[in-house]
Amino acid sequence: VIGRSTHSAEQASAAAGEPGVDYFCTGPCWPTPTKPGRSAPGLDLVRSTAASGTTRPWFAIGGIDTERLPEVLGAGASRIVVVRAITEAEDPEAAARTLRSALS
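So in full-length UniProt numbering, spot 49 of the sequence shown is number 49, and the numbers just go up one at a time.
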């Protein structure tokens, strides 16, 4: 499985059409300590990717948690990648279940 990280609408468009790429991620939606120093294109990138109509699977990434998830979904994402929302939760299993439920 081959994935591509994208940080602009141009990169997302290229990844959507790149042969051999199975999925791509867009973000970060918010600044995140897992990628220090990386600027966050924000939800505008999620909106533009959703509006592009790509049929290739894509994921929103970067600073997403249960509180921010409604904004991400409202911007057009249907798939997400999270790290801290689960790894730093008091109850990681419950956090994962909550996120999964919100995506269903």
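Glycine residues also receive a C-beta, built at the ideal position from the N, C-alpha and C atoms.
When secondary structure is reduced to three states using DSSP, Arg68 falls in the coil class, being assigned neither helix nor strand. Relative to the Cα of Pro31, the nearest Cα in the group Ser52, Asp65, Ala75, Gly20 belongs to Asp65. By the C-beta density criterion, Ala85 is buried, having at least 16 other C-beta atoms within 10 angstroms. Shown here, Thr6 sits in a strand according to DSSP, grouped into three states. Counted as a single uninterrupted DSSP element, the beta strand (DSSP E) harbouring Thr26 occupies residues 23-26. Judged by DSSP secondary structure, Ala60 falls within the beta strand (DSSP E) whose first and last residues are 58-61. Around the C-beta of Gly27, 16 or more other C-beta atoms lie within 10 Å, and the residue is accordingly described as buried. Under a 10 Å Cβ-count criterion, Ala77 is classified as buried, with 16 or more other Cβ atoms of the shown protein chains found around its own Cβ. Taken atom to atom, the span from the alpha-carbon of Glu18 to that of Thr49 is near 15 Å. In its chain, beyond the 5 residues on either side, Ala16 have a beta carbon closer than 6 Å to the beta carbon of Thr54.
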